[in-house]
Amino acid sequence: MSRFDPTGEAGLSLRMVEELAAADSLLHRLSPLPKLLLTVLYIALTLSFPKYALSALSVMALFPAFGYQLAGISPAVCFRRMRFILPLVCAVGIFNPFFDRDPLFFLGNFPVSGGIVSMLTLLLKGVFALTAAFLLIATTPLEDLCRALRRLHCPRILVSLLLLTFRYITVLLEEASLMTQAYSLRAPGQRGVHISAWGSFLGQLLLRSMDRAESLFDSMLMRGFTGEFPGDSGSGTPPAAWAAALICAVMMALARMYDIPAMLGGIILGG
Amino acid sequence: MITFENVSFSYPGGEPVLKGVSFHISPGERVGLIGANGAGKSTLLKAALGLVDVEGAVIIDGSALSRKTLPLARKTLGYVLQDSDNQMFMPTVLDDMVFGPMNYGMSRDEAEALADNILSDLGIARLKHRQNHKISGGEKRMAAIATVLMSSPKALLMDEPSSSLDPRNRRALINTVNSLSVAKLIASHDLDMILDTCDRVLLISSGQIAADGAAWDVLTDQRLLEESGLELPLGIQGSRK
Chain A
1 MSRFDPTGEA GLSLRMVEEL AAADSLLHRL SPLPKLLLTV LYIALTLSFP KYALSALSVM
61 ALFPAFGYQL AGISPAVCFR RMRFILPLVC AVGIFNPFFD RDPLFFLGNF PVSGGIVSML
121 TLLLKGVFAL TAAFLLIATT PLEDLCRALR RLHCPRILVS LLLLTFRYIT VLLEEASLMT
181 QAYSLRAPGQ RGVHISAWGS FLGQLLLRSM DRAESLFDSM LMRGFTGEFP GDSGSGTPPA
241 AWAAALICAV MMALARMYDI PAMLGGIILG G
Chain B
1001 MITFENVSFS YPGGEPVLKG VSFHISPGER VGLIGANGAG KSTLLKAALG LVDVEGAVII
1061 DGSALSRKTL PLARKTLGYV LQDSDNQMFM PTVLDDMVFG PMNYGMSRDE AEALADNILS
1121 DLGIARLKHR QNHKISGGEK RMAAIATVLM SSPKALLMDE PSSSLDPRNR RALINTVNSL
1181 SVAKLIASHD LDMILDTCDR VLLISSGQIA ADGAAWDVLT DQRLLEESGL ELPLGIQGSR
1241 K
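These protein sequences, in sequence, are chains A and B.
Numbering-wise, the first sequence is residues 1 to 271 according to this note's numbering.
Numbering-wise, the second sequence is residues 1001 to 1241 according to this note's numbering.
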């Protein structure tokens, strides 16, 4: 990869996620459908916390933290991959402290306004949702996820579109990376592609990636592809997977219903 | 097995690529398809697979190619693309191998058992769980052949199978191709490989069949090859010096 090759880097990131998903761990071995449902439930519950429920929300961090441990994946990998999205998540509630200035509680002598708490709550919600989504795709191959979606009766066309788009993005990034390399070799000292070459660069990229995508599609047609990726009708979800998912779901629901840190604090402080 | 009857084809707004091509390949026959760049080799292979709409008749295993017979024809023929990167689209070799059979209704377990047998037969069992983008060009070519064999094709169509292979991988490929008993139509510029793998050669020039005969006869006819923009195979050149 050349010194400046964001497309190559993006392609490698996609490959890396695929490699992570192909690893073997307890979480990887869990059937995709319960994993998908649990992730959706987790994200829904996390997002449903009231805007001042910072302490109650903090307990939700345990689930992805536990998940990353089970999967043998460092959370740093997730944060590194999401370094471009996380600032956007942080920016969502950035104006809350200016609009909501009433003190909610005091930290020592320092008044903490509702705006600061709601900003932190929004931030945590975003971070938790993203880490959970990343954990799902880092422990489940996309094909398995799509099969799970089909089992949920997600429309066939949407599922196929999702898979083909993912494959096409890979092709597009590979072609873009090759072209960037070829360009940089003949334009030493330039950072990126000069604006005067963008038109022909993008045109060529589109043509080349379409050619490759067509060849890939031919190859799929030759092997009986009829618009739907083959499912595995032979293996259902084992009862143990459902049991584990149910236990997790109940724990998530309890964490949503009760402010566990406040309850623990009350018990410890005898309040 | 494969019959072309007066097949013609032009890309939209372009010159004719195939002009009245006719030939027949019998079951188990090993046929090389040679010709200069742009002669129409790849288009001819695509025509056999129904990937381009042609004039004339293409008959695969007794059935004329049509929208109705296309699925069966494609199951009958295995197609190894020139660029294996375009052939392997799933994350791992195994995923790619089971893709075809599962499309045809086989269960994952059955498909995996079949994949084990084929990988073992080809001597590449070590590649089973490897990521496609992490294996070498030679390994990828062998894996691509393995994916095609998963559908138990009656004929194998190969487009430049030896391109970008080093001598050792090329030799391994030739041995593998020779070990397969199905009919083969191999399009290649590697005339030495054609000589090693095929009994019969179709020479295509400007979209027409310029010669159809025994591999040795065609590949040692210097004048015929040169008229079609080709040269004698290197092995033959060496022996004549």
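Ideal Cβ placement from N, Cα and C applies to all residues, glycine included.
Item	Value
List, in chain order, every chain B residue whose beta-carbon is nearer than 7 Å to that of L41 of chain A.	Ordered by position in chain B, no residue passes the 7 Å Cβ test against L41 of chain A, which lies about 27 Å from the chain.
Just grab the DSSP bridge partners of Q1208 of chain B for me.	B:S1205
At 9 Å on the CB atoms, spell out the chain B contacts of R191 of chain A, in chain order.	Result: empty, since nearest Cβ-Cβ is about 27 Å, beyond 9 Å.
Can you check which of these residues, B:G1038, B:D1061, B:L1065, is closest to L1051 of chain B by C-alpha distance?	B:L1065
Take F4 of chain A and list the residues in its own chain whose beta-carbon comes closer than 6 Å to its own, dropping the five residues that flank it on each side.	Caution applies to F4 of chain A, whose pLDDT of 49 falls short of 50 and renders its modelled position unreliable; the model cannot decide the point.
Report the residues of the stretch 172 to 203 of chain A with a CB closer than 9 Å to any CB of chain B, ordered along the chain.	E174
Whose C-alpha, out of B:A1115, B:N1175, B:V1054, is nearest the C-alpha of Y1011 of chain B?	B:V1054
Below 8 Å on the Cβ atoms is my contact criterion, and I expect G1207 of chain B with K1046 of chain B to pass it. Report the Cβ-Cβ distance as a whole number of Å.	Not confirmed; about 13 Å, so no contact.
Chain B partners of F128 of chain A, CB-CB under 7 Å?	The premise fails here: F128 of chain A is roughly 28 Å from chain B at the closest Cβ pair, so nothing lies under 7 Å.
Candidates B:I1209, B:W1216, B:R1240, B:A1215: which alpha carbon is nearest E1227 of chain B's?	B:I1209
Taking the beta strand (DSSP E) that M1102 of chain B falls in, what are its first and last residues?	From DSSP, M1102 of chain B is part of no beta strand (DSSP E) but of the alpha helix (DSSP H) over 1093 to 1103.
Leaving aside the five residues before and after S48 of chain A along the sequence, list all residues of the same chain whose C-beta is less than 8 Å from its C-beta, in chain order.	R256
Would K1075 of chain B pass as an interface residue toward chain A - the criterion being a Cβ-Cβ separation below 8 Å?	yes
Tell me which residue opens and which closes the beta strand (DSSP E) that K35 of chain A is part of.	Run containing K35 of chain A: none in the beta strand (DSSP E); it sits in the alpha helix (DSSP H), 32 to 47.
Rounded to whole angstroms, what's the CA-CA distance from V1218 of chain B to V1201 of chain B? Just pull it up for me.	7 Å
With respect to the beta strand (DSSP E) encompassing N1037 of chain B, which residues constitute its N-terminal and C-terminal limits?	Neither: N1037 of chain B is in no beta strand (DSSP E) and is coded neither H nor E.
Inspect the beta-carbon positions of I1186 of chain B and L1077 of chain B and report whether they are closer than 8 Å.	no
Would you mind working out which of A:V127, A:F110, A:R29, A:F105 sits nearest L62 of chain A, comparing C-alpha positions?	A:V127
Would you verify that the beta carbon of H1133 of chain B is, or is not, closer than 8 Å to some beta carbon of chain A?	yes
L1051 of chain B versus chain A: which residues are under 7 Å apart at the beta carbon?	D218
So T1197 of chain B contacts chain A; which residues on that side make the cut at Cβ distance below 9 Å?	Residues of chain A passing the Cβ test: none, with the nearest at roughly 21 Å.
Mind pulling the chain B residues with CB within less than 8 Å of M263 of chain A?	Chain B residues near M263 of chain A: none, gap ~45 Å exceeds 8 Å.
Apply the 10 Å Cβ neighbour rule to S233 of chain A and answer buried if 16 or more other Cβ atoms are within range, or exposed otherwise.	Bear in mind that the predicted position of S233 of chain A carries a pLDDT of just 49, short of 50, making it unreliable; the figure below should be weighed with that in mind. With fewer than 16 other Cβ atoms within 10 Å, it is exposed.
With a threshold of 8 Å between beta-carbons, can M222 of chain A be considered close to chain B, or not?	yes
What residues in the stretch 11 to 29 of chain A bring their beta carbon closer than 7 Å to a beta carbon of chain B?	R15, E18, E19, A22
With three or more beta-carbon pairs closer than 8 Å as the criterion, would you say the stretch 144 to 152 of chain A touches the stretch 110 to 120 of chain A?	no
Over the uninterrupted alpha helix (DSSP H) stretch that includes T1003 of chain B, give me the two end residues.	From DSSP, T1003 of chain B is part of no alpha helix (DSSP H) but of the beta strand (DSSP E) over 1002 to 1010.
Check the DSSP bridge columns for Y1079 of chain B and list the partner residues they point to.	B:L1157
In chain A, what lies closer than 7 Å to P1091 of chain B by C-beta?	E18, A22, P141
State the DSSP-derived secondary structure class of R1030 of chain B, mapped to helix, strand or coil.	strand
Using a beta-carbon distance cut-off of less than 7 Å, what residues from the stretch 1100 to 1114 of chain B approach chain A?	G1100, M1102, N1103, Y1104, S1107, R1108, D1109
Quick check: the Cα distance between G224 of chain A and K1075 of chain B, rounded to an integer number of angstroms?	7 Å
Can you check DSSP and say which residues form a bridge with K125 of chain A?	Paired residues: none, contrary to the question.
Which parts of the stretch 192 to 242 of chain A are runs of the beta strand (DSSP E), unbroken and 3 residues or longer, counting only runs that do not cross its ends?	none
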